[in-house]
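Structure, as structure tokens:
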Amino acid sequence: MNISVSELDSGSWVIFELPGFITANAGTPQNSLDALRNATATSYYKGEGSLWVKLVSSGNAAPAGGRGGRGGATALQVSR
3 MNISVSELDS GSWVIFELPG FITANAGTPQ NSLDALRNAT ATSYYKGEGS
53 LWVKLVSSGN AAPAGGRGGR GGATALQVSR
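Next comes the structure, spelled out in structure tokens:
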């Protein structure tokens, strides 16, 4: 499954809990939910029964003709 956020200012973030998911194709692995909350870059944490993903806007502009907000789009893929 693809997860993407846009319309975020640079440095803004959002955390998702994804029950039943186990891997992310990008981001920094964290060893606890508290570490994930404190992370300053896109990261993930594999908890009991759920994958937690924190997407942090990099502030990169979207490609020409693409969608994106003030901070551009931030995305990763997760799988079961």
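Under our numbering, think of the first position of the sequence shown as 3, with each following residue one higher.
For each residue, glycine too, the CB sits at the ideal point set by N, CA and C.
With DSSP as the reference, label residue 57 as helix, strand or coil.
Under the three-state reduction of DSSP output, residue 57 falls in the strand class.
Taking buried to mean at least 16 other C-beta atoms within 10 Å of its own C-beta, is residue 76 buried or exposed?
buried
Where the alpha helix (DSSP H) containing residue 4 begins and where it ends:
Note, residue 4: premise wrong, no alpha helix (DSSP H); beta strand (DSSP E) at 4 to 7.
Could you give the first and the last residue of the continuous alpha helix (DSSP H) run that contains residue 78?
That residue, residue 78, is in no alpha helix (DSSP H); its beta strand (DSSP E) goes 76 to 81.
Please list the terminal residues of the continuous alpha helix (DSSP H) segment that includes residue 10.
Here residue 10 belongs to no alpha helix (DSSP H), and DSSP marks it neither H nor E.
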